[in-house]
Amino acid sequence: PIEVLLNKYIPSVTLIGSMILGALAGFSDVLGVFGSGIGILLMVDILINYYNQLVKEQVEIVMPRLGALLGRK
7 PIEVLLNKYI
17 PSVTLIGSMI
27 LGALAGFSDV
37 LGVFGSGIGI
47 LLMVDILINY
57 YNQLVKEQVE
67 IVMPRLGALL
77 GRK
């Protein structure tokens with residue numbers, strides 16, 4: 007059922023989300039949150055679009071380990 011389907015994706019999405027959040031916190035600390043909220047929102051939007059592009063281009067063919075991290079194989 008839905009629980010089995012979600013359990014397949016939740017660990018990889020949690021890992022990717024925590025890495026993005028950690029990188030975002032690190033960048034904002036280094037930059038002193040120079041760009042404030044708008045800059046952070048823009049950075050998050052760019053990262054989400056980059057992730058979607060990787061998935062669309064079937065990244066597991068080019069980088070099998072990253073594909074496995076994303077839960078593809």
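In this note's numbering, the protein residues as written are 7 to 79.
In this text, a Cβ means the ideal position worked out from N, Cα and C, and glycines have one as well.
- A distance below 7 Å separates the beta carbons of residue 53 and residue 26.
- The three-state secondary structure of residue 45, taken from DSSP, is helix.
- Excluding five sequence positions before and after residue 50, the CB atoms of its chain that fall closer than 7 Å to its own CB belong to 30, given in chain order.
- DSSP places residue 23 inside the alpha helix (DSSP H), whose first and last residues are 8–37.
- In the same chain as residue 61, and ignoring 5 residues on each side of it, no C-beta atom comes closer than 6 Å to its own.
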